[in-house]
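Undergrad: Reminder that position 41 of the sequence shown reads as 41 in the UniProt record's numbering, one-by-one numbering, no gaps.
The C-beta atom is built at its ideal place from N, Cα and C for all residues, glycine as well.
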Amino acid sequence: MTAKIHVWWDMKDCPVPEGIDALRVRPSIEGGFKEQGYSGPVSIAAYGDHKQTPEHLLRALSSTGVAVVHIRSG
Numbered sequence: 001m002t003a004k005i006h007v008w009w010d011m012k013d014c015p016v017p018e019g020i021d022a023l024r025v026r027p028s029i030e031g032g033f034k035e036q037g038y039s040g041p042v043s044i045a046a047y048g049d050h051k052q053t054p055e056h057l058l059r060a061l062s063s064t065g066v067a068v069v070h071i072r073s074g
């Protein structure tokens with residue numbers, strides 16, 4: 001099936017696991033869709049408090065085309 005795919009990611013409840021290279025997150029998500037038979041353009045928006053997420057993770061995610069959106073905790 002071909003369709004536009006949109007992912008809204010809550011980084012507070014589903015953070016990048018310790019020891020996982022943030023540069024591999026987007027390719028892993030896209031690969032999961034392909035394994036299930038889906039294809040098409042993928043957009044990913046990661047929502048979270050930037051003060052709660054290490055800067056190197058934010059930069060790495062952004063560099064792969066993930067839209068990193070700041071949401072203040074509280």
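#1: Span of the beta strand (DSSP E) holding valine 7?
#2: Quick check on the DSSP output: the beta strand (DSSP E) that includes isoleucine 44 runs from which residue to which?
#3: Does the segment 22–40 touch the segment 61–69, meaning 3 or more C-beta pairs lie closer than 8 Å?
#4: Is it right to say threonine 53 is buried, meaning 16 or more other beta carbons lie within 10 angstroms of its own, or is it exposed?
#5: Terminal residues of the continuous alpha helix (DSSP H) containing alanine 60?
TA: So, from the data block:
#1: From DSSP, the beta strand (DSSP E) with valine 7 extends over 5–10.
#2: Residues 42–48.
#3: Yes: the two stretches touch, three or more of their Cβ pairs being nearer than 8 Å.
#4: Classification for threonine 53: buried.
#5: Residues 55–63.
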